[in-house]
Structure formats: structure tokens, C-alpha cells
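Enquirer: If you scroll down you'll find the structure; I have some questions about it.
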Amino acid sequence: MSLADTELVVRTIADTAIENEKYFGDLDSVVGDGDFGYSLARGFEKLLEGWDDLDRTDAGTFLKRTGMVIASRIGGTSGPLWGTAFMRAGGAVAGATDLSHEQVVAMLRAAIEGIKARGQSDVGDKTLLDALVPFTDALEAGTITEAAAAARAAADATSGMVAKRGRAAYTGERSRGSVDAGATAVAVIAERISEIWQKQGASS
Amino acid sequence: MSLADTELVVRTIADTAIENEKYFGDLDSVVGDGDFGYSLARGFEKLLEGWDDLDRTDAGTFLKRTGMVIASRIGGTSGPLWGTAFMRAGGAVAGATDLSHEQVVAMLRAAIEGIKARGQSDVGDKTLLDALVPFTDALEAGTITEAAAAARAAADATSGMVAKRGRAAYTGERSRGSVDAGATAVAVIAERISEIWQKQGASS
Amino acid sequence: MKKFVNDPKSFVPEMLEGLALANPGTLKYIPAYNLIMRADAPNENKVSIVQGSGSGHEPAHVMVVGQGMLDAACPGDVFAAPPMDYVYETAKLMASPKGVLLLVNNYTGDRMAFDMGKEMAEADGVRCEILTVNDDVAVQDSLYTVGRRGVAGNFFVIKAVGAASEQGADLDELLRIGRKVNDVTRTMGVALTACTPPAKGSPLFDLGGDEMEFGVGIHGEPGRERRSLASADQIVDDLLDAVVPDLPYNSGDRVALMINGLGGTPISELYILYRRAHQRLTERGITIGRSYVNEYCTSLDMAGASLTLVRLDDEIEGLLEAPADVAIRVF
Amino acid sequence: MKKFVNDPKSFVPEMLEGLALANPGTLKYIPAYNLIMRADAPNENKVSIVQGSGSGHEPAHVMVVGQGMLDAACPGDVFAAPPMDYVYETAKLMASPKGVLLLVNNYTGDRMAFDMGKEMAEADGVRCEILTVNDDVAVQDSLYTVGRRGVAGNFFVIKAVGAASEQGADLDELLRIGRKVNDVTRTMGVALTACTPPAKGSPLFDLGGDEMEFGVGIHGEPGRERRSLASADQIVDDLLDAVVPDLPYNSGDRVALMINGLGGTPISELYILYRRAHQRLTERGITIGRSYVNEYCTSLDMAGASLTLVRLDDEIEGLLEAPADVAIRVF
Ligand SMILES: Nc1ncnc2c1ncn2[C@@H]1O[C@H](COP(=O)(O)OP(=O)(O)O)[C@@H](O)[C@H]1O
Ligand SMILES: Nc1ncnc2c1ncn2[C@@H]1O[C@H](COP(=O)(O)OP(=O)(O)O)[C@@H](O)[C@H]1O
Ligand SMILES: [Mg+2]
Ligand SMILES: [Mg+2]
Ligand SMILES: [Mg+2]
Ligand SMILES: [Mg+2]
Numbered sequence: 001m002s003l004a005d006t007e008l009v010v011r012t013i014a015d016t017a018i019e020n021e022k023y024f025g026d027l028d029s030v031v032g033d034g035d036f037g038y039s040l041a042r043g044f045e046k047l048l049e050g051w052d053d054l055d056r057t058d059a060g061t062f063l064k065r066t067g068m069v070i071a072s073r074i075g076g077t078s079g080p081l082w083g084t085a086f087m088r089a090g091g092a093v094a095g096a097t098d099l100s101h102e103q104v105v106a107m108l109r110a111a112i113e114g115i116k117a118r119g120q121s122d123v124g125d126k127t128l129l130d131a132l133v134p135f136t137d138a139l140e141a142g143t144i145t146e147a148a149a150a151a152r153a154a155a156d157a158t159s160g161m162v163a164k165r166g167r168a169a170y171t172g173e174r175s176r177g178s179v180d181a182g183a184t185a186v187a188v189i190a191e192r193i194s195e196i197w198q199k200q201g202a203s204s
Numbered sequence: 001m002s003l004a005d006t007e008l009v010v011r012t013i014a015d016t017a018i019e020n021e022k023y024f025g026d027l028d029s030v031v032g033d034g035d036f037g038y039s040l041a042r043g044f045e046k047l048l049e050g051w052d053d054l055d056r057t058d059a060g061t062f063l064k065r066t067g068m069v070i071a072s073r074i075g076g077t078s079g080p081l082w083g084t085a086f087m088r089a090g091g092a093v094a095g096a097t098d099l100s101h102e103q104v105v106a107m108l109r110a111a112i113e114g115i116k117a118r119g120q121s122d123v124g125d126k127t128l129l130d131a132l133v134p135f136t137d138a139l140e141a142g143t144i145t146e147a148a149a150a151a152r153a154a155a156d157a158t159s160g161m162v163a164k165r166g167r168a169a170y171t172g173e174r175s176r177g178s179v180d181a182g183a184t185a186v187a188v189i190a191e192r193i194s195e196i197w198q199k200q201g202a203s204s
Numbered sequence: 001m002k003k004f005v006n007d008p009k010s011f012v013p014e015m016l017e018g019l020a021l022a023n024p025g026t027l028k029y030i031p032a033y034n035l036i037m038r039a040d041a042p043n044e045n046k047v048s049i050v051q052g053s054g055s056g057h058e059p060a061h062v063m064v065v066g067q068g069m070l071d072a073a074c075p076g077d078v079f080a081a082p083p084m085d086y087v088y089e090t091a092k093l094m095a096s097p098k099g100v101l102l103l104v105n106n107y108t109g110d111r112m113a114f115d116m117g118k119e120m121a122e123a124d125g126v127r128c129e130i131l132t133v134n135d136d137v138a139v140q141d142s143l144y145t146v147g148r149r150g151v152a153g154n155f156f157v158i159k160a161v162g163a164a165s166e167q168g169a170d171l172d173e174l175l176r177i178g179r180k181v182n183d184v185t186r187t188m189g190v191a192l193t194a195c196t197p198p199a200k201g202s203p204l205f206d207l208g209g210d211e212m213e214f215g216v217g218i219h220g221e222p223g224r225e226r227r228s229l230a231s232a233d234q235i236v237d238d239l240l241d242a243v244v245p246d247l248p249y250n251s252g253d254r255v256a257l258m259i260n261g262l263g264g265t266p267i268s269e270l271y272i273l274y275r276r277a278h279q280r281l282t283e284r285g286i287t288i289g290r291s292y293v294n295e296y297c298t299s300l301d302m303a304g305a306s307l308t309l310v311r312l313d314d315e316i317e318g319l320l321e322a323p324a325d326v327a328i329r330v331f
Numbered sequence: 001m002k003k004f005v006n007d008p009k010s011f012v013p014e015m016l017e018g019l020a021l022a023n024p025g026t027l028k029y030i031p032a033y034n035l036i037m038r039a040d041a042p043n044e045n046k047v048s049i050v051q052g053s054g055s056g057h058e059p060a061h062v063m064v065v066g067q068g069m070l071d072a073a074c075p076g077d078v079f080a081a082p083p084m085d086y087v088y089e090t091a092k093l094m095a096s097p098k099g100v101l102l103l104v105n106n107y108t109g110d111r112m113a114f115d116m117g118k119e120m121a122e123a124d125g126v127r128c129e130i131l132t133v134n135d136d137v138a139v140q141d142s143l144y145t146v147g148r149r150g151v152a153g154n155f156f157v158i159k160a161v162g163a164a165s166e167q168g169a170d171l172d173e174l175l176r177i178g179r180k181v182n183d184v185t186r187t188m189g190v191a192l193t194a195c196t197p198p199a200k201g202s203p204l205f206d207l208g209g210d211e212m213e214f215g216v217g218i219h220g221e222p223g224r225e226r227r228s229l230a231s232a233d234q235i236v237d238d239l240l241d242a243v244v245p246d247l248p249y250n251s252g253d254r255v256a257l258m259i260n261g262l263g264g265t266p267i268s269e270l271y272i273l274y275r276r277a278h279q280r281l282t283e284r285g286i287t288i289g290r291s292y293v294n295e296y297c298t299s300l301d302m303a304g305a306s307l308t309l310v311r312l313d314d315e316i317e318g319l320l321e322a323p324a325d326v327a328i329r330v331f
């Protein structure tokens with residue numbers, strides 16, 4: 001994965017978050033407080049505002065800078081969590097410009113560990129981890145298309161879970177029956193990346 | 001009209017007001033503030049609470065006492081207006097126990113003058129006067145049945161008028177298109193009295 | 001009906017009982033006349049200041065009884081003027097050698113109740129004067145109407161005469177001050193939703209999702225006209241266009257600016273309105289000497305707001321600045 | 001959406017700008033960090049007290065910045081904790097030789113933002129301590145949750161540490177006082193309607209005409225359980241049954257009793273709730289030393305209320321009694 005590819009992935013995440021502001025917000029309003037879509041959209045807008053000036057020395061630096069903008073500019077729970085994820089991902093590939101498949105997986109594992117530490121959460125708590133971990137596992141074993149499908153299946157399955165972290169946890173048993181907003185956002189983003197990746201693969 | 005008849009009329013007014021609380025309130029909420037039914041009902045309930053102790057020396061005294069309870073216990077615009085009407089009616093037949101047709105008409109005229117003076121209002125302002133005056137005119141010329149019909153026709157006709165007094169006046173032209181609550185209450189009460197009068201006439 | 005209520009018939013008495021329970025030592029409640037009074041009233045060294053009106057406008061008027069404002073308030077039921085009896089009994093109870101000032105917002109029912117109550121109290125030897133408040137520019141004053149309504153601007157009249165009476169002003173002086181404040185006060189209101197009286201249990205009128213009522217009073221009666229919903233800034237501009245030319249308020253004037261919530265609008269939104277009003281008035285060369293952003297005179301749970309201007313001079317500003325101690329407080 | 005709003009994205013900044021315009025001389029607004037601060041802060045003779053949280057809870061916390069309460073507040077967007085940057089910048093700006101006390105209502109987002117912001121400020125040499133508020137009995141504290149939420153009881157913590165810091169208390173002393181107040185404070189809330197965030201434009205959840213949410217927080221997230229609407233008295237009894245045994249509050253205790261409106265409920269109804277709560281507590285042998293009936297911590301336009309008890313002792317009562325001067329005032 002070239003630096004341009006990494007840029008494209010981050011850009012795709014940002015675009016997807018901004019375009020899905022209302023959808024993500026509606027998901028968060030079922031048992032949450034409805035601000036998830038708004039928080040992500042405003043934060044990624046901030047990222048795009050300073051897009052051209054982001055340090056692109058290498059992929060690691062680029063991801064770290066991205067994480068810092070997000071952590072310092074997005075509010076709510078998502079700012080610290082997503083910011084930490086990007087910063088840790090960058091740290092895992094410090095100095096590298098072209099990333100191997102193994103490096104991409106290692107980077108995702110670092111992001112996951114960052115979220116777990118910052119959020120004091122784990123797989124099974126009905127959070128974005130419940131889509132991000134299956135996504136990473138599938139990517140390690142196969143293609144981005146397979147990974148996106150895994151993320152989607154896992155996100156849909158959060159509907160059967162009871163939330164143990166995040167605001168939804170306050171509603172206890174009532175959180176069962178609707179999907180987690182963060183996990184679904186991961187699935188939507190993964191599908192979008194997979195789609196763009198295929199087009200780009202075809203054209204390059 | 002015997003003292004018992006006078007009592008029956010007042011009692012019928014009270015019962016009708018209490019039974020129609022919601023209807024009268026809904027009428028007042030079209031361009032008014034919705035409290036008309038509530039005010040009348042609470043006031044006449046108070047009257048009935050002390051019903052047995054009302055001074056029944058003669059019809060004049062009985063009506064005056066009724067007016068004083070109403071004026072001092074009903075709030076809103078209706079308390080002073082209806083209270084004044086009953087007090088003036090009583091004053092017009094002071095000392096009398098059995099009332100002639102002429103005395104009944106004179107009593108109603110006095111009530112009307114009282115309302116006009118207290119409310120600084122007149123026929124054409126879209127108030128209860130626009131039913132009460134036609135009712136009195138018709139009663140002077142004919143029967144209670146005819147008078148009740150006149151009150152009903154006049155009350156319905158207030159729908160075409162623009163309010164110049166009362167809270168409805170604040171809405172100006174927008175008050176056109178709905179009947180006046182006070183005028184309709186007069187019509188409903190007149191119809192009820194007419195009905196009871198006929199049954200009673202039949203039984204006595 | 002989405003309300004905290006037991007029996008709608010006991011809505012007002014229960015509220016008043018709660019108010020008295022929450023303010024032991026300073027307020028007294030007399031159930032027979034819906035009366036909330038200062039525990040230390042009447043004070044023979046000051047004119048007693050009394051207001052009654054319908055309920056449903058809280059904090060007006062029962063929650064501004066206290067040192068520096070009202071000596072007593074005798075509200076009627078929701079949106080209904082008090083019966084004249086309440087006025088009469090209240091005036092008698094508040095009788096002070098210096099007299100009683102009865103404040104009346106200009107509505108037919110209130111005027112009649114206070115006229116009759118005053119006459120009865122005077123017959124008992126109580127010196128009373130009535131001061132009428134009519135600050136609402138939404139109502140065109142003409143021969144055919146009962147004149148302008150008294151709405152949120154009422155607060156400034158109470159505050160000014162309340163302060164002056166604490167300073168020992170006599171009844172004539174209070175009448176002068178009250179009229180002077182009323183004369184330089186103008187208000188206009190807008191409703192985004194209709195309110196729900198507890199006894200009715202449903203909204204007083206239907207308002208479409210994209211409509212608002214412009215020029216409303218404080219009783220849930222419809223306003224001057226129905227308009228399409230507009231932005232907060234546009235609404236403020238329209239309110240100012242009605243209020244400013246009415247007195248008029250001119251460049252060089254110093255004013256008090258009040259954004260009053262009608263009961264269902266959160267204070268965050270009131271500050272959004274305040275911001276625009278402050279900016280626009282400043283652009284017109286008008287200085288905002290005092291700011292008021294809160295609920296002062298409401299319509300039950302109505303979402304909406306009113307904008308009030310008071311032209312200040314040293315006398316009025318001094319009275320508005322004077323201390324007061326009433327139930328609506330934060331501490 | 002029945003709201004006074006321009007662009008939902010500017011809801012918070014416009015509100016803050018309005019707040020600063022209405023309070024010239026006492027408040028300053030710094031747009032870059034949503035910061036509302038006392039114009040005279042930081043004061044080198046006192047610990048600076050700072051709170052941030054999501055917006056939509058007004059008057060909390062931006063409208064209780066002022067003498068005797070907060071030195072600054074840095075809110076995030078509606079219902080979103082502030083970004084850590086805001087916390088960091090605010091802590092730096094408020095740096096006093098006596099230190100900075102950061103008050104945090106216990107929510108994941110707020111805790112993370114303040115933890116990160118504090119670390120960054122400390123790296124710059126600013127002495128900071130975090131005090132967490134968690135008064136909501138609706139949330140069962142367990143291994144599986146993030147613990148109890150901080151809701152309206154927050155007001156008492158702010159008031160107490162605000163007063164103590166004015167009296168010169170040092171940072172450790174403030175931590176002791178704040179924890180002590182938090183430890184004797186319990187709250188439970190109920191919602192009759194869902195609130196409408198400006199950016200969403202529609203209610204956060206559907207609530208039937210005869211339903212209510214029991215045990216709600218202050219963000220419009222659903223509560224502990226949905227119940228059928230009940231009378232005001234019944235609701236108070238149920239809230240007390242949750243709150244009183246939790247500390248527990250016992251016969252002989254002296255308490256502060258707060259009925260807090262959630263934004264869309266008029267104050268008249270709050271007093272109806274207050275009445276019952278006062279009566280019931282008195283029956284249980286509990287003395288109400290101080291009463292608070294108003295909006296302190298809201299959920300935008302939600303109709304609803306919360307009930308808070310604080311067990312008083314001489315120290316706490318003295319601090320609650322101390323004077324303060326903040327933007328939510330009537331004069
Ligand atoms: N402690 C946590 N660890 C990991 N993810 C979390 C945690 N708490 C919340 N989340 C994720 O964040 C999403 C909500 O984000 P956001 O709406 O910004 O938070 P909030 O409004 O609760 O502060 C949830 O759907 C969940 O996926
Ligand atoms: N000035 C007046 N003169 C005569 N009748 C009036 C006057 N004002 C109002 N009314 C009558 O009273 C009715 C409304 O009564 P009510 O609801 O008690 O008054 P309010 O406007 O104070 O709420 C109107 O429908 C009208 O018939
Ligand atoms: Mg959320
Ligand atoms: Mg009416
Ligand atoms: Mg009325
Ligand atoms: Mg949030």
C-alpha cells in the first residue's frame with residue numbers, strides 16, 4: 001500500500017463519515033444520545049480543512065497527525081477513541097512509506113489495542129470493536145472484500161448484544177434489538193473502502 | 001313564574017354550564033384562551049355547594065344572591081359579567097315572588113344593560129349579548145321555544161362576525177369563521193330551559 | 001397530556017402550596033384566596049404592591065412576591081382573572097396606612113375584577129389605586145378593542161415600583177413611576193407551539209410543523225398572524241421591526257433588553273435570540289444598559305419567546321438595579 | 001423543528017456569544033475553545049474551577065460561570081463532551097499558582113477528554129486535579145458499566161467548591177469538599193417527552209402519549225424503564241423511593257431538596273412536584289434545610305424533571321448559603 005493509497009483510505013473514511021452524518025446520528029439515537037454522526041462529521045470536516053497541510057513525510061507520520069487532529073477536534077466519546085486509534089496505527093508503522101499486508105494488519109491491531117485501553121472496553125461490549133476486530137481478523141486471512149463482509153456481518157450481529165460500554169450501556173437490556181452505531185459505522189466505511197479499492201485496483 | 005320556577009331556571013343554567021364544561025372550553029380555545037368552560041363550571045359548582053343556604057325570601061333576593069356568589073367566585077371575564085347579569089336581574093324584580101311575563105322580560109333587559117355597562121360592549125361585538133338580546137326580543141314577542149330558537153340562530157350567526165370585545169378581539173379578522181363561546185353557551189342554556197319548561201308544563 | 005399534574009382542579013393551589021413550602025419564613029399562602037404574600041406584609045411604612053392575574057404565567061406573579069417586588073399576588077385559575085373577591089380580600093389584608101397599589105395587566109377580566117375589588121375595599125376604608133400595564137405592540141390600540149395587552153414588560157413595572165416603595169415612595173409617586181416605566185416599555189411575542197392548559201389536556205390550537213404564531217399574547221390565544229417558521233435571526237429582526245418603531249427607540253437611547261421565554265423554550269435558544277437582538281440594536285445606535293434573558297412571564301408550556309425594550313433614564317435604571325429577594329432565585 | 005435556531009452547527013457558538021453579550025464586564029467568550037470565563041480569571045489567590053461537558057444542559061455549565069461558582073466552562077457541542085484540546089487550552093488559560101480543579105460529570109467521553117487534557121496541561125506545568133461527579137441513582141453501579149452518571153446534583157458540588165475556593169481553600173481541600181458533597185448527593189430523573197437536538201431536528205426517541213421514561217439521564221438517551229404516565233404525586237413518590245434508600249437519607253437528617261426542570265417543563269409544574277416531595281420527606285422525619293426549584297441541568301427542550309437530595313451538615317450548608325453571582329439571575 002503506497003502513501004497515496006493510505007491517503008485515499010483516510011480520505012474515504014472522512015468522506016464516508018461526512019456523508020453518513022444523519023444515518024449514523026439516527027443509529028445513535030435509538031439507545032444513545034444521537035450525536036455520533038454529528039461528532040464524526042464535524043471532526044472529519046476539520047481534518048479535510050487542513051488536509052493539504054498534513055505532514056506526509058511517511059505513512060506513519062501522516063496517520064499520527066490525522067489522529068491528533070481528530071482527538072483534539074472531535075468531541076464526545078468518539079474523538080478520543082478514533083483519535084487514539086489513528087495515532088496508534090501511525091505509531092505501529094512509524095517511518096514506513098509503503099505498507100505490506102502484514103504492516104496493515106499490525107497497524108489495525110495497534111488501533112484496536114488503543115481503543116481498548118482508552119475505552120476500557122473489549123470485544124463483546126457492543127462497541128465499534130465488535131466490527132473492527134472481525135474486520136481485522138478477516139483481512140489478515142484474506143481480502144478487503146472478505147473483510148468488509150465480515151465487518152458487516154459482525155455489525156449486524158451487535159443487534160443481539162447488550163451494551164456494556166458507552167452511553168447505550170445505561171439502558172441495560174433495552175439496548176438489545178438495535179445495532180451499535182459505532183460498529184455499523186465501521187462496516188459502512190469498510191464496504192466503501194472495499195468498493196473504492198476494487199475500482200482503483202482495476203484502474204491501476 | 002313561581003319562585004320554584006325561578007329556582008328551576010337558575011338550577012338548569014348551573015347544571016347546563018357544569019355538563020358542558022368541555023364543550024364550552026373547546027369553543028373558547030378556537031380564538032380565545034380555552035378557560036370559559038372551566039370558569040363557568042367551577043363557579044356554578046360553588047353556587048350549588050351553597051345552594052340550600054341561598055336566601056329565598058323572594059325571587060329578586062334569590063337572583064341577587066346568586067349573582068353575588070358568581071361575581072365573587074368565578075374568575076376570568078365571565079365571573080364579573082355573569083355575576084352582574086344575575087344581580088341586575090334580581091334588582092329589576094326586587095321584592096317580587098311570582099313573576100309575570102313582562103317582569104321576566106324586564107329582568108332580562110336589566111341583565112343585558114348590566115353586561116353592556118360592565119363589559120363596555122354592545123350587540124354586534126360578537127359576545128354573549130349577540131344571543132341574549134335576540135333571545136329576549138323573541139321571548140317578549142312569543143314563547144320560550146321561539147326564544148330558544150332565536151338564541152340558537154343568533155349564536156350560530158356569530159360565526160360570520162369579527163370580535164370587538166373579549167380576548168377573541170385580539171385576533172381581529174381571524175375571529176371570523178367560528179362561533180362565539182359565550183353566545184353559544186346562551187343558546188345551549190336557552191334550549192335546555194325550553195326543554196325542561198315544556199316537560200314541566202306538561203307535568204304541572 | 002405530558003404534564004406533572006394530579007387533579008387539574010388543584011393545579012393552582014398545589015403549585016402555590018409548593019411555593020410556600022419552598023420559601024418558609026419569607027412567603028405565606030392563604031388558600032381561601034389563592035394568596036401568596038410576604039410573611040412580613042403589610043408593612044406600615046410602605047405602600048403595599050399587589051398583582052393578580054390568571055395563573056399559567058409563572059414566575060409571574062406569585063414567584064416575584066418578596067422584598068423589593070410584590071407584597072402579594074392573588075392569581076386566578078389558569079388563564080382566568082382572579083374573582084373580585086380575591087382582589088378584595090387581598091387588598092384588605094395588605095392594607096397599609098400608605099395605601100395599596102394594584103397592578104393590572106390590561107385584559108377585560110382582570111380590569112373588571114380589580115375595579116370591583118377596589119371599589120369594595122375602598123368602601124371598607126382601604127386606600128387603593130390601580131395601575132394598568134399595556135406593553136404589547138402586537139395589539140393595535142383602537143376604539144374597537146380593549147387596548148393593548150399587558151405582557152412580559154410587566155416585570156419592569158413591578159421591579160420599579162417595588163424598589164421605589166421600599167425606598168418609601170408614596171402612592172402618588174408610585175403611580176407616576178409605574179406609568180412612566182409602562183410608557184417606555186414595549187413587547188412583542190412569538191409562539192412556536194400552542195400551550196396545553198391542564199384542564200383542557202390538549203393544545204389550545206393546532207400549529208403546523210412549519211408554522212408559528214406571530215404577535216401572541218400570554219394566554220395561548222392565537223396571535224396577530226400565522227407565518228412560516230423562520231430562522232432565529234429572522235424572527236428577532238421581525239420582532240424588532242415591530243417593537244423599535246413603536247415607541248420609537250432611537251439612536252442614542254439606552255435600553256433594557258429582555259428576551260423572555262414562554263415556558264417551553266430552553267434558555268440556550270433564548271440566548272441565541274438575545275445575541276441577534278443585541279447586535280441589531282447596537283447597529284442602530286441603541287445601547288443595551290441592562291440585559292434580561294430568562295423566563296419572566298410564560299404561557300404554561302408554550303415554546304416561544306417575547307422581546308421587550310425599556311427606554312432607560314437614571315431614575316428607571318436606578319430602580320431596576322435595586323436589590324430584591326424573590327422566590328425565583330438560583331441559590 | 002420548533003426551535004429558535006439558525007444553522008444547527010452554530011447553535012452552541014451563537015448561544016455563547018449571546019451569553020457574553022448579555023454579561024459584559026463579568027464574562028468573556030473565547031470562540032476557539034467554546035470558552036466562557038470570568039472576565040477576572042484566573043485569580044492567583046484562588047484555585048480556578050473549571051467544568052466542561054456537552055452543551056444542551058443550560059444553565060449548566062456556562063451560565064454558572066461567575067463569582068462563587070465556576071471560573072470557566074468549556075462545553076462541547078450538543079450532548080458531546082468537549083474535545084480534549086478545549087480542556088487543555090482552558091486549563092492553561094485558567095492556570096493559577098493555587099492550581100486548577102477540573103469538574104467532570106461521569107460519562108465516558110467527558111472522562112477521556114479531561115484525562116487527556118489534564119495530562120497535556122500538566123506536561124506544560126499546570127497543576128490540575130479532576131473531581132468526578134456521579135449522583136444518578138438510576139444507573140446501577142457495577143463492573144459492567146462505566147458507573148453512575150453525573151446529573152443535576154453537579155450544581156451542589158460546583159456551588160460548594162466555588163464558595164470554598166473564594167474563601168481561599170487549596171486544591172486538596174477542594175477535592176475533599178467536592179467529594180464529600182458528591183458522596184451525600186443523589187438524583188433521579190423522569191422524562192415525559194424526548195428532546196430534539198438541533199442537528200437532528202426530530203425527537204431522539206418516540207414516547208407514547210401515555211408513557212414516560214423513568215430514570216433518564218440528561219442527554220436524551222432513554223432511561224431505566226418505560227412506564228405508564230402517572231400523577232405528579234405518584235411520580236414523586238416513585239422518585240423518592242429510588243433516591244431516599246440509596247444513601248440512605250434517614251429520619252433526623254437535614255437535606256437540600258432540588259426539583260430540577262429538564263427544559264420543557266414550566267416552573268408551575270416543578271412546584272407541584274416540590275410540594276409532594278417536601279411533604280413526604282417531612283413525614284419521614286427528614287428536614288428540608290434548603291429548597292431549589294428551577295432549571296439547573298437540562299436536556300434541551302425535554303419535558304421532565306429530576307429530584308435531588310443532599311444531606312447537609314454545617315460545613316456544606318454554609319458553603320451552599322455563600323453568595324454567588326452568575327448569569328442565571330432575574331435582575
Ligand atoms: N468505552 C468504549 N469503548 C469503545 N467504544 C465505545 C465506548 N463507548 C462508546 N463506544 C462507541 O462509540 C459509539 C458512540 O459514540 P458517541 O456518540 O460519540 O459517544 P457518546 O455520545 O456516548 O459520548 C458507540 O456506538 C460505540 O460504538
Ligand atoms: N367585554 C365583553 N362584554 C360582553 N361579553 C364579553 C366581553 N368579553 C368577553 N365576553 C364574552 O365572554 C366570553 C369569554 O369568557 P371568558 O373565557 O371567561 O373570558 P376571557 O377572555 O377572560 O378568558 C366570550 O365568548 C364572550 O361571549
Ligand atoms: Mg452519542
Ligand atoms: Mg376565555
Ligand atoms: Mg381567560
Ligand atoms: Mg454524546
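Which chain is which? The protein sequence lines are A, B, C and D, in order.
Mapped onto full-length UniProt numbering, the consecutive letters of the first sequence carry residue numbers 1 to 204.
Mapped onto full-length UniProt numbering, the consecutive letters of the second sequence carry residue numbers 1 to 204.
Mapped onto full-length UniProt numbering, the consecutive letters of the third sequence carry residue numbers 1 to 331.
Mapped onto full-length UniProt numbering, the consecutive letters of the fourth sequence carry residue numbers 1 to 331.
Yeah, the Cβ is synthetic: ideal placement off N, Cα and C, and Gly gets one too.
Does DSSP put Thr97 (chain B) in a helix, in a strand, or in coil?
Expert: Taking the second sequence and counting its residues from 1, the one referred to as residue 97 (chain B) is at position 97. Coil at Thr97 (chain B), not helix or strand.
Enquirer: Going along the chain, which residues of its own chain have a beta-carbon closer than 8 Å to the beta-carbon of Ala22 (chain C), five neighbours each way excluded?
Expert: Translated into the one-based positions of the third sequence, residue 22 (chain C) becomes position 22. Taken in chain order, the residues that qualify are Ala327.
Enquirer: Quick one: what does DSSP say Ile13 (chain B) is sitting in, helix, strand or coil?
Expert: Walking along the second sequence from the start, residue 13 (chain B) turns up at place 13. Reduced to three states, the DSSP call for Ile13 (chain B) is helix.
Enquirer: Taking the alpha helix (DSSP H) that Arg275 (chain D) falls in, what are its first and last residues?
Expert: What you label residue 275 (chain D) is simply residue 275 of the fourth sequence in a count that begins at 1. Segment Ile267 to Glu283, the alpha helix (DSSP H) holding Arg275 (chain D).
Enquirer: Anyone know if the C-beta pair for Glu213 (chain C) and Gly68 (chain C) falls short of 7 Å?
Expert: The count along the third sequence starts at 1 and reaches residue 213 (chain C) at position 213. The count along the third sequence starts at 1 and reaches residue 68 (chain C) at position 68. Contact flag unset, no.
Enquirer: So is Asp301 (chain D) in contact with chain A if we call contact Cβ pairs under 7 Å?
Expert: In the fourth sequence, the residue the question calls residue 301 (chain D) occupies position 301. So no, Asp301 (chain D) is outside the interface.
Enquirer: Going along chain D, which residues have a C-beta under 8 Å from Leu192 (chain C)?
Expert: Within the third sequence, the letter at position 192 stands for residue 192 (chain C). The answer, in chain order, is Lys2, Lys3 and Phe4.
Enquirer: Under a CB-based cut-off of 7 Å, is Met94 (chain C) close to chain D?
Expert: Numbered from its first residue, the third sequence carries residue 94 (chain C) at position 94. False, the Cβ-Cβ gap to chain D never drops below 7 Å.
Enquirer: Identify the continuous beta strand (DSSP E) that holds Ala305 (chain C) and give its terminal residues.
Expert: Against the third sequence, residue 305 (chain C) aligns to sequence position 305. It spans Gly304 to Arg311 - the beta strand (DSSP E) in which Ala305 (chain C) sits, taken as one unbroken run.
Enquirer: Can you tell me whether Thr287 (chain D) is buried or exposed, with buried defined as 16 or more other CB within 10 angstroms of its CB?
Expert: Locating residue 287 (chain D) in the fourth sequence gives position 287, where the first residue counts as 1. Exposed, since its Cβ has fewer than 16 Cβ neighbours within 10 Å.
Enquirer: For ligand 2, I want to know if Arg152 (chain B) counts as a neighbour, meaning its beta carbon is within less than 6 Å of at least one of the ligand's heavy atoms.
Expert: The sequence position of residue 152 (chain B) within the second sequence is 152, counting from 1. No, the beta carbon of Arg152 (chain B) sits no closer than 6 Å to any heavy atom of ligand 2.
Enquirer: So the beta strand (DSSP E) Glu173 (chain A) belongs to, where does it begin and stop?
Expert: Counted from its first residue, the first sequence places residue 173 (chain A) at position 173. Note, Glu173 (chain A): premise wrong, no beta strand (DSSP E); not H, not E.
Enquirer: Identify the continuous alpha helix (DSSP H) that holds Thr66 (chain B) and give its terminal residues.
Expert: Locating residue 66 (chain B) in the second sequence gives position 66, where the first residue counts as 1. Where Thr66 (chain B) is concerned, the enclosing alpha helix (DSSP H) stretches over Ala59 to Arg73.
Enquirer: Is there at least one Cβ from chain B nearer than 7 Å to Val139 (chain C)'s Cβ?
Expert: Mapped onto the third sequence, residue 139 (chain C) falls at position 139. It does: the Cβ of Val139 (chain C) has a partner Cβ on chain B nearer than 7 Å.
Enquirer: Under 5 Å from any heavy atom of ligand 3, by CB: list those residues in chain order, please.
Expert: The answer, residue by residue, is A:Asp28, A:Gly32, A:Asp33, A:Asp35 and A:Phe36.
Enquirer: Excluding the 5 residues flanking Ala60 (chain D) on each side, which residues of the same chain have their C-beta closer than 6 Å to its C-beta?
Expert: The residue labelled residue 60 (chain D) in the question sits at position 60 within the fourth sequence. Result list for Ala60 (chain D): Cys297, in chain order.
Enquirer: Ordered along the chain, which non-local residues of its own chain (more than five positions away) have a Cβ less than 6 Å from that of Thr184 (chain A)?
Expert: Walking along the first sequence from the start, residue 184 (chain A) turns up at place 184. Once the five neighbours on either side are set aside, the close Cβ partners of Thr184 (chain A) are Leu27 and Ala155.
Enquirer: So, are the CB atoms of Lys126 (chain A) and Ala85 (chain A) less than 7 Å apart?
Expert: In the first sequence, counting from the first residue as 1, residue 126 (chain A) sits at position 126. In the first sequence, counting from the first residue as 1, residue 85 (chain A) sits at position 85. No, these two residues do not count as a Cβ contact at 7 Å.
Enquirer: With DSSP as the reference, label Tyr88 (chain C) as helix, strand or coil.
Expert: As a first step, residue 88 (chain C) must be located in the third sequence, where it is residue number 88. Here Tyr88 (chain C) sits in helix by DSSP.
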